[in-house]
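A.B. asks:
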Amino acid sequence: MNSLITIRNKILGAAYRNVLKPVFFAQDPEKVHDKMTQVGSFLGGNLLTRELTSLAFNYWHPKLEQNILGIDFKNPVGLAAGFDKEAKLVSILPKVGFGFEEVGSITKERYEGNSGKRLYRLPEQKALRVNYGLKSSGADSVYNHLKSIKTEFPVGISIAKTNNPKTSVVENGVEDYLYTYKKLNDLGSYVTINISCPNTCEDFPIFARAENLEVLLKAIFSVPKTKPVFVKLSPDLANENLDSILNVCLKYPVDGFVCSNLTKANKSGHEGKGGFSGKAVFEESNRLLAYVYQYTIGKKILIGCGGIFTPEDAYKKILLGASLLQLVTGMVYQGPQVISEINSGVVELLKRDGFKNISEAVGKGNI
Ligand SMILES: Cc1cc2nc3c(=O)[nH]c(=O)nc-3n(C[C@H](O)[C@H](O)[C@H](O)COP(=O)(O)O)c2cc1C
């Protein structure tokens, strides 16, 4: 069975690299993304296309299963926030092989995002430059859509504050986050508070300052908690700032951290605003992950995100302390079969190192 899956993945990977990718990469990245969302939404719309997709991409192994914070994950690989902002892909992603997804980031107000071209491919760096600026159809709209969908896998809800100067005043920003938090409180398996978007109207995200984060978390946790709460961190934080953020989070019932968001560190020489994904953030996100694991050892669940392209990349994050993983860019560069390749590859790496399952391997390379 495993060798059949390996052959299937090799054929799909070659088809993506040689046929689809050249066609996609000749077009504007945002337009391709929008088209793929339409295709995914269509495929998720009926049983036949869902089952055919599953046949092409699915992979399952008991070593990959985990129950984390009361949530059952069939495998650790999730779609990171930003790809499915409006929760249009919830029905198809489990069939593509994902173990979970994070929809959003969702903001209170509808916002079209930053103007002009805002998504770039940087093939030499195996990265994307992203300058969406928290495009969102707004909390009410996503709520109305999501509440009508039956979800087959864990769905995380990423919330952020509306990207405008008004919400840069702390009390307005808190009110904005709180609206979305409350609106979506009865939906999804967990919520992530995104305090680290690098492409908003702020030079430095205001809730990545400990004193402001404290005000936000106090307000969030005054609302009855219905599901686990994660905080998504930037890989660009200086250690002192990071420590004070972690200390604030440890005062509240924050369940874990997503390590990490995009980096602002531009190693590409590519001019322009935005944050960098993929291999441009791999090392920084691993550094953050390792640091947060050591700081919070055993107490918090970590989601490793940034530059996962191969099973080895994924396994490295598990050994550094990640119980769960997320990706976007690896799929853009390699095709959707990469999810199955990563999952089956991680199983082989766990076997090689004598681990019964993922949970046993978490943090074992972080000493
Ligand atoms: C097109 C795009 C849009 C994104 N939008 C969001 C977002 O709205 N909220 C968020 O928390 N992260 C967002 N991200 C960051 C990703 O969730 C992830 O942290 C980052 O891309 C690193 O993972 P990767 O290297 O696998 O892409 C976005 C990333 C991309 C590529």
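Numbering-wise, my numbering puts 200 at position 146 of the sequence shown, and it's gapless, one number per residue.
Where a beta carbon is used, it is the ideal one built from N, C-alpha and C, also for glycine.
(1) Could you name the residues that DSSP lists as bridge partners for Arg183?
(2) Check this for me: beta carbons of Thr234 and Ala262, under 7 Å apart or not?
(3) Let me check understanding here. Comparing Cα to Cα, which of Leu66, Val285, Leu97 lies closest to Ser250?
(4) Can you tell me whether Lys149 sits near ligand 1, meaning its C-beta is under 6 Å from at least one heavy atom of the ligand?
(5) Contact between the region 115 to 131 and the region 149 to 163 is defined here as three or more beta-carbon pairs at a separation below 8 Å; is this criterion met?
(6) Out of Asn420, Val392, Thr383, Ile393, which has the shortest C-alpha to C-alpha gap to His87?
(7) Which whole-angstrom value is the C-beta distance of Cys313 and Leu379, which I expect to be below 8 Å?
(8) Output the distance between the C-alpha atoms of Lys418 and Ser377, rounded to the nearest integer angstrom.
(9) What residues match up with Thr246 in a beta bridge as DSSP calls it?
(10) Does Glu395 pass the burial test, meaning 16 or more other C-beta atoms within 10 Å, or should it be called exposed?
(11) Count the other C-beta atoms from every protein chain shown that fall within 10 angstroms of the C-beta of Asn315, then say buried if there are 16 or more, exposed otherwise.
(12) Let me know the beta strand (DSSP E) ranges lying completely inside the region 301 to 384, each 3 residues or longer, listed in chain order.
(13) Examine ligand 1 and report whether any of its heavy atoms sits within less than 6 Å of the Cβ of Ala374.
(14) Roughly how many whole angstroms lie between the Cα atoms of Val223 and Arg164?
(15) Got a sec? Which residues, its chain only, sit under 6 Å from Ser191 by beta carbon, not counting five neighbours each side?
(16) Count the other CB atoms, across all protein chains shown, that sit within 10 Å of the CB of Lys353; report buried if there are 16 or more and exposed otherwise.
(17) What whole-angstrom Cβ distance do Thr317 and Asp297 have, given they're in contact under 8 Å?
(18) Decide yes or no for the touch test of the region 265 to 285 against the region 239 to 246: beta carbon pairs closer than 8 Å, at least 3 of them.
(19) Between Asp367 and Pro148, what straight-line distance do the alpha-carbon atoms span, to the nearest angstrom?
(20) For the alpha helix (DSSP H) that Ser57 lies in, which residues bound it at each end?
(21) Who are the near neighbours of Leu271 in its chain, counting only those whose CB is closer than 6 Å to its CB and skipping five residues on each side?
(22) Quick one: what's got a C-beta closer than 7 Å to Tyr403's C-beta in the same chain, skipping five residues either side?
(23) How far does the alpha helix (DSSP H) with Asn266 in it reach, from first residue to last?
(24) Please confirm whether Ala273 and Val228 have their CB atoms less than 7 Å apart.
(25) Where does Leu304 land, buried or exposed, given buried means 16+ other C-beta within 10 angstroms?
(26) Please classify Asp82: is it buried, with 16 or more other beta-carbons within 10 angstroms of its beta-carbon, or exposed?
(27) What do you get for Val416, buried or exposed, if any count of 16 or more other CB atoms within 10 angstroms of its CB means buried?
(28) In whole angstroms, what separates the C-alpha of Ser331 from that of Ser95?
(29) Would you kindly check if the distance between the Cβ of Asn63 and the Cβ of Gln388 is under 7 Å?
C.D. replies: Based on what the coordinates show:
(1) Taking the first residue of the sequence shown as 1, we reach residue 183 at position 129. According to DSSP, which records beta bridges pairwise, Arg183 is partnered with Tyr174, Phe330.
(2) In the sequence shown, the residue the question calls residue 234 occupies position 180. In the sequence shown, the residue the question calls residue 262 occupies position 208. Result no, Cβ atoms of Thr234 and Ala262 do not sit closer than 7 Å.
(3) Position 196 of the sequence shown, counting from 1, holds the residue named residue 250. Distances from the CA of Ser250 to each of Leu66, Val285, Leu97 were compared; the closest alpha carbon is that of Val285.
(4) On the sequence shown, residue 149 is found 95 positions in, with the first residue counted as 1. Flag unset: Cβ of Lys149 not near ligand 1.
(5) yes
(6) Within the sequence shown, the letter at position 33 stands for residue 87. The shortest C-alpha to C-alpha distance from His87 to any of Asn420, Val392, Thr383, Ile393 is the one to Thr383.
(7) Residue mapping note: residue 313 aligns to position 259 of the sequence shown, counting from 1. Residue mapping note: residue 379 aligns to position 325 of the sequence shown, counting from 1. Cβ-Cβ separation between Cys313 and Leu379: approximately 11 Å, too far for a contact (criterion under 8 Å).
(8) Your numbering for residue 418 matches position 364 in the sequence shown. Your numbering for residue 377 matches position 323 in the sequence shown. Looking at the two C-alpha atoms, the distance is approximately 11 Å.
(9) The residue given as residue 246 occupies position 192 in the sequence shown. Per DSSP, Ser212, Phe284.
(10) Residue numbering aside, residue 395 sits at position 341 when the sequence shown is read from its first letter. Glu395 comes out buried.
(11) Residue 315 sits at position 261 when you count from the first residue of the sequence shown. The residue in question, Asn315, is buried, as its Cβ has 16 or more Cβ neighbours within 10 Å.
(12) 310 to 313, 355 to 359, 378 to 381
(13) Your numbering for residue 374 matches position 320 in the sequence shown. Reading the sequence as shown, one finds Leu at residue 374 and not Ala. No, Cβ of Leu374 sits at least 6 Å from all heavy atoms of ligand 1.
(14) Residue numbering aside, residue 223 sits at position 169 when the sequence shown is read from its first letter. Residue numbering aside, residue 164 sits at position 110 when the sequence shown is read from its first letter. Taking C-alpha positions only, Val223 is separated from Arg164 by approximately 19 Å.
(15) In the sequence shown, the residue the question calls residue 191 occupies position 137. Here the set comprises Glu140, Arg164.
(16) Here residue 353 corresponds to residue number 299 of the sequence shown, with the count starting at 1. Exposed, because fewer than 16 other Cβ atoms sit within 10 Å of the Cβ of Lys353.
(17) For the purposes of this step, residue 317 is taken as residue 263 along the sequence shown, with counting starting at 1. For the purposes of this step, residue 297 is taken as residue 243 along the sequence shown, with counting starting at 1. Not confirmed; about 19 Å, so no contact.
(18) yes
(19) Within the sequence shown, the letter at position 313 stands for residue 367. Within the sequence shown, the letter at position 94 stands for residue 148. Going by the C-alpha atoms only, they are around 21 Å apart.
(20) One-based indexing of the sequence shown puts residue 57 at position 3. Taken as a continuous stretch (DSSP letters only), the alpha helix (DSSP H) holding Ser57 covers 56 to 69.
(21) Here residue 271 refers to the residue found at position 217 of the sequence shown. Listed in chain order, the non-local C-beta contacts of Leu271 below 6 Å within the same chain comprise Tyr306, local neighbours out to five positions each way being set aside.
(22) Numbered from its first residue, the sequence shown carries residue 403 at position 349. In the sequence as presented, Tyr is not what sits at residue 403; that position holds Leu. Within its own chain, the residues whose Cβ lies closer than 7 Å to the Cβ of Leu403, once the five positions on either side in sequence are excluded, are Pro365, Tyr369, listed in chain order.
(23) For this step, residue 266 is matched to residue 212 along the sequence shown. Run containing Asn266: 264 to 274, per the alpha helix (DSSP H) assignment.
(24) Working through the sequence shown from its first residue, we reach residue 273 at position 219. Working through the sequence shown from its first residue, we reach residue 228 at position 174. For Ala273 and Val228, yes; Cβs fall inside 7 Å.
(25) Along the sequence shown, one-based indexing puts residue 304 at 250. The residue in question, Leu304, is exposed, as its Cβ has fewer than 16 Cβ neighbours within 10 Å.
(26) As a position in the sequence shown, residue 82 is number 28, starting the count at 1. Asp82 is exposed by the Cβ-count criterion.
(27) Along the sequence shown, read from residue 1 onward, the residue named residue 416 stands at position 362. By the 10 Å Cβ count, Val416 comes out buried.
(28) Against the sequence shown, residue 331 aligns to sequence position 277. Against the sequence shown, residue 95 aligns to sequence position 41. Roughly 24 Å between the two C-alpha positions.
(29) Locating residue 388 in the sequence shown gives position 334, where the first residue counts as 1. Locating residue 63 in the sequence shown gives position 9, where the first residue counts as 1. The answer is no: Cβ separation not under 7 Å.
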